[in-house]
Amino acid sequence: MTSNISLAPPLEVVETGAEPPPLQENPSFISPNEQISKRGKALDILHSTMNDDIFMRISHLMMAKEVWEKIEKEEFEALKMNEVETIKDFMTNVMKVVNQIRLMGEKLQDSKIVEKVTLSYS
844 MTSNISLAPP
854 LEVVETGAEP
864 PPLQENPSFI
874 SPNEQISKRG
884 KALDILHSTM
894 NDDIFMRISH
904 LMMAKEVWEK
914 IEKEEFEALK
924 MNEVETIKDF
934 MTNVMKVVNQ
944 IRLMGEKLQD
954 SKIVEKVTLS
964 YS
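Residue numbering for the sequence shown follows our numbering, beginning at 844 and increasing consecutively.
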């Protein structure tokens, strides 16, 4: 007796007699259906965690990555140095946001960062 573990949906195999697809060599393979499902879930999670004001600004975006990038850019634009905050602490916060933006593949010019720091300090 042998067991055949597959990725094919059981109902499809029963109804159409389709052969289960062979297991992929790459153990991290994600089927296109799983990718679409995960993208939808990620977008739903982002939408559900936003307050109404932010949601209105991102509701037209259709991909979770787009939503995340917009939030990161807005976070960068909203950075202000508090009166009790040291320059070192403020720069740490700025670089944290900048690094998050750059990790997503966005280009952020150094001149924009310098401008942000200079305007926030004055």
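For glycine and all other residues, C-beta sits at the position ideal for the given N, C-alpha and C.
Quick caveat, the model's predicted, so the values are computed rather than measured.
Contact set for residue i: own chain, Cβ-Cβ below 7 Å, skip 5 residues either direction
| i | result |
| --- | --- |
| M893 | I901 |
| N936 | L922 |
Spatial distance of residue i from residue j (CA atoms)
| i | j | result |
| --- | --- | --- |
| N942 | E917 | 14 Å |
| M906 | Y964 | 35 Å |
| M938 | D932 | 10 Å |
| P875 | H903 | 24 Å |
| I879 | V940 | 28 Å |
| S954 | M924 | 18 Å |
| V957 | I897 | 26 Å |
| K884 | I873 | 15 Å |
| T929 | L951 | 24 Å |
| K959 | E877 | 40 Å |
| M899 | S891 | 12 Å |
| L889 | D895 | 12 Å |
Where residue i sits in the DSSP three-state scheme
| i | result |
| --- | --- |
| S788 | Nothing about residue 788 can be reported from this structure: the residues present for the chain run from 844 to 965 only. |
| K955 | helix |
| I848 | With a pLDDT of 45 at I848, under the threshold of 50, the modelled position of that residue is not reliable, and the figure given next carries that caveat. DSSP places I848 in coil when its eight states are reduced to three. |
Spatial neighbours of residue i in its chain, beta-carbon cut-off 8 Å, leaving aside the 5 residues before and after
| i | result |
| --- | --- |
| R882 | M906, A907 |
| E915 | V940, Q943, I944, M947, E949 |
| M934 | V960 |
| D887 | none |
(Q) Between the segment 936-951 and the segment 910-919, can you find at least three pairs of beta-carbon atoms closer than 8 Å? (A) Proximity of the segment 910-919 to the segment 936-951 meets the contact definition, three or more beta-carbon pairs being nearer than 8 Å.
(Q) I'd like the ranges of any alpha helix (DSSP H) spanning at least 4 consecutive residues and lying wholly in the segment 876-943. (A) The qualifying runs are 895-901, 907-921.
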